[in-house]
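Chains as they are written, first to last, in UniProt numbering: chain A, 1 to 381; chain B, 1 to 381.
See the structure below:
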């Protein structure tokens, strides 16, 4: 296979693949969580597969504004119409009493409407990132979920990879890593002409946050993760972000500052070759990865660690995963849903909603700093 | 050997080693450039070895304010007093008619005095970085060198590693790399208590630029190198650098912006574990190294390149070097000196002085931005 074909094969796997589902994990003996999907976005293909691979979940229904499109989607992804119900409206899925949870890959501007309605209908909500166009809308969603007692999680997949928890252990190790001093994160890809003209991610009425929402979300969440979710004190956007004609951000960056002198930077862009870097530097060690958001390989991911008590030629650590990170995410989400449904008393788990909220808060502050001429903007925690 | 011992062995090699000189390269048939060294700084040990390893240079004289210190230095570094002349004053070296060139590892505040005098005495000048405390002083040095027709070069070693030119070829390749969009550079090390109390690098009267001069110099020069020496339009220092009690910078960072939308960031610190990162991102490819300033290995150095026409698992490229990078630097400098001396007509080569000047100009602008409360400061090119 030529390099170019291999590359497109990789991209396809990243965004669109739904491989054979003949080799799925056996379902747990008890009832799996039944998922409905609102919309047939490309990312939904990847999530169909993830729901199927996850041992405690099953794809139950899918909706599109066109029944034909929903039916085609079901067939194209290897299901029969007997297995998966199709609806020609999102309401159809939300009204279906057998749907336990919904995955919402709709454009960001529609999140508040459909995620709130889903919560009100008692459906647990797995929401594609960015969670919302702004914190006010995310708060409406989170409040609706809390009121209805349903679980909320944003669909940031890499957070659920076992590499992530192994790296977390490194960062928390006073001997190997010391005190965190600096973080740098970067997520870029080069969008083609068609994307830059037509994709929802560059349309102000659909995904008004552009690159900041689509990929800056990952960078910000990665920085917060490295900082153990301590919010920075101030955020200062870099000068001269790139915008499209409609005013949507195509590239931008920012500096984040903490009270203890810790600093972080991130850069996100639709106009630069694929890069997914994360570096965290401590007083005694450091951490580097070049594929933090989507590992280059599906079943193993590595990180590089340097420490003062070793030749500083960094050591590579590989972490195997039995399921793709998106299936691990679904499995974790479904586990929380089942815990909630189990005895009818357990409240929704608030760890993941809290992370989404902090991510959105920093993201909003980056936007505010851009709007205020790149002045530092304080975050009130 | 334990990891800790290996690490100290590595540090020792980075800063202090002068291994046996019994296995030196044969000198060229024609007269080598005769070097004098002003001062017995630790870095001078590494440079003694480099001058000896370089095929077109020889260590001829060394000066210290104490003759005893100079004599000990000669013996400790494997020379006999017959081979290398010792002087108890820097003037002694500069007055010696057989000294062709001087290497100046003195504290930065002394550069202008001794480099200008060296030039006036007709000695070619290889000057330790940072070149000067500010551009005005560097310009006095450069003017003195130009007036006297002597070669100037700052002693930034990695610029002379063959990896650097191979990476330059990648960055210049429109097919593999495309247009440069973003650069990030980071040089940090964790200085110990003794360093932070006593080292010249934290003394305002000796190295007033602190971490910005000592290691920020590398980051800035690396950014300019990646940008093909195009000066940025504005420089904005990050908020909240760390200072010692005397007001010397212990850590800082900045964002650099170019007219075409290109951005760069760097971070330097005496308070963070050893990190030497350089990333350059283009529209079609990217470049990553984790040991840009001092390769982890002495005889081979690698870089990672990603390209859109390949699976984006980055490929590693190793570049072998027959001599350590510091010896390659000495060799290149001596070659320019010999060219100048050869026919008596060739003017000094202005490429390297131009790079030093641009580096100093950006460095000064970072300092100005810090002093102006982290406001963007324009660079007039």
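Ideal Cβ positions, reconstructed from N, Cα and C, are used throughout, including at glycine.
Check: Residue ranges of each alpha helix (DSSP H) run of no fewer than 4 residues wholly in the stretch 71-159 of chain B, ordered along the chain?
Finding: 90-95, 111-120, 135-148
Next item on the list: Between the Cα of residue 62 (chain B) and those of B:102, B:249, B:132, spot the shortest distance and give me the residue it belongs to.
Entry: B:102
Check: If you measure from the beta carbon of residue 201 (chain B) to each beta carbon in chain A, is any gap under 8 Å?
Finding: no
Margin query: My output table needs one value for residue 333 (chain A): the three-state DSSP class, helix, strand or coil.
Written below: helix
Checklist line | Validate contact between the stretch 126-137 of chain A and the stretch 104-112 of chain A using beta carbons, cut 8 Å, 3 pairs | finding: yes
Next item on the list: Below 8 Å on the Cβ atoms is my guess for residue 379 (chain A) versus residue 162 (chain A); work out the distance and round it to an integer in Å.
Entry: Not quite, the Cβ-Cβ distance comes to about 31 Å (not below 8 Å), so this is no contact.
Notebook entry, point to check: Exposed or buried, which one is residue 205 (chain A) when buried takes at least 16 other CB atoms within 10 Å?
Noted result: exposed
Notebook entry, point to check: Based on the DSSP secondary-structure assignment, which residues constitute the bridge partners of residue 276 (chain B)?
Noted result: B:187, B:291
Next item on the list: Determine the burial state of residue 275 (chain A): buried for a count of at least 16 other Cβ atoms within 10 Å of its Cβ, exposed for fewer.
Entry: buried
Check: Grouping DSSP H, G and I as helix and E and B as strand, with all else coil, what is residue 248 (chain B)?
Finding: coil
Notebook entry, point to check: Nearest-angstrom Cα distance between residue 221 (chain B) and residue 37 (chain B)?
Noted result: 24 Å
Note to self: Whole angstroms are fine: how far does the CA of residue 139 (chain B) sit from the CA of residue 357 (chain B)?
What the structure shows: 8 Å
Notebook entry, point to check: Should residue 75 (chain B) go down as buried or exposed, given a rule of 16 or more other Cβ atoms within 10 Å for buried?
Noted result: exposed
Checklist line | C-alpha distance - residue 367 (chain B) paired with residue 302 (chain A), whole-angstrom precision | finding: 38 Å
Next item on the list: Select from B:238, B:360, B:324, B:271 the residue whose C-alpha is nearest the C-alpha of residue 371 (chain B).
Entry: B:238
Note to self: Counting only C-beta atoms, is residue 240 (chain B) closer than 8 Å to chain A at any point?
What the structure shows: yes
Check: Using 8 Å as the limit for Cβ to Cβ distance, is residue 255 (chain A) near chain B?
Finding: yes
Margin query: I'd like to know whether the C-beta of residue 365 (chain B) is nearer than 8 Å to at least one C-beta of chain A.
Written below: no
Next item on the list: Compare the Cα-Cα distances from residue 326 (chain B) to each of B:289, B:122, B:53 and report the closest residue.
Entry: B:53
Margin query: Tell me which residues share the same chain as residue 376 (chain B) and place their Cβ nearer than 8 Å to its Cβ, disregarding the 5 neighbours each side in the sequence.
Written below: 234, 235, 236, 257, 369
Next item on the list: Confirm, please, whether the CB-CB distance from residue 262 (chain A) to residue 227 (chain A) is below 8 Å.
Entry: yes
Next item on the list: Closer than 7 Å by C-beta to residue 306 (chain A): which residues in its own chain qualify, once you throw out the five before and the five after it? Chain order, please.
Entry: 285, 286, 312, 314
Notebook entry, point to check: When the Cα of residue 300 (chain B) is compared with those of B:112, B:158, B:142, B:72, which residue comes out closest?
Noted result: B:158
Next item on the list: Determine the extent of the alpha helix (DSSP H) in which residue 357 (chain B) is found, giving its start and end residues.
Entry: 351-371
Check: In three-state DSSP terms, what is residue 31 (chain A)?
Finding: coil
Margin query: Please report the straight-line C-alpha distance between residue 364 (chain A) and residue 124 (chain A), rounded to a whole angstrom.
Written below: 25 Å
Margin query: Quick check on residue 285 (chain B) - is its C-beta less than 8 Å from some C-beta in chain C?
Written below: In the displayed structure, chain C is absent; the protein chains listed are A and B.
Item checked: CB contact check: residue 376 (chain A) to chain B, cutoff 8 Å -> yes
Next item on the list: Give me the Cβ distance between residue 289 (chain B) and residue 278 (chain B), rounded to the nearest whole Å; I'm assuming they're in contact under 8 Å.
Entry: 5 Å
Checklist line | Buried/exposed call for residue 143 (chain B), threshold 16 Cβ in 10 Å | finding: exposed
Checklist line | Any C-beta of chain B under 8 Å from that of residue 362 (chain A) | finding: no
Check: Applying a beta-carbon distance threshold of less than 8 Å, which residues of chain A neighbour residue 161 (chain B)?
Finding: By Cβ distance, chain A contributes nothing, its closest Cβ being about 16 Å from residue 161 (chain B), past 8 Å.
Item checked: Within-8 Å CB hit, residue 279 (chain A) to chain B -> yes
Checklist line | Any C-beta of chain A under 8 Å from that of residue 267 (chain B) | finding: yes
Check: When you compare only the Cα positions, how much space is there between residue 269 (chain A) and residue 266 (chain B)?
Finding: 18 Å
Item checked: Alpha carbon of residue 170 (chain B) to alpha carbon of residue 177 (chain B), nearest angstrom -> 6 Å
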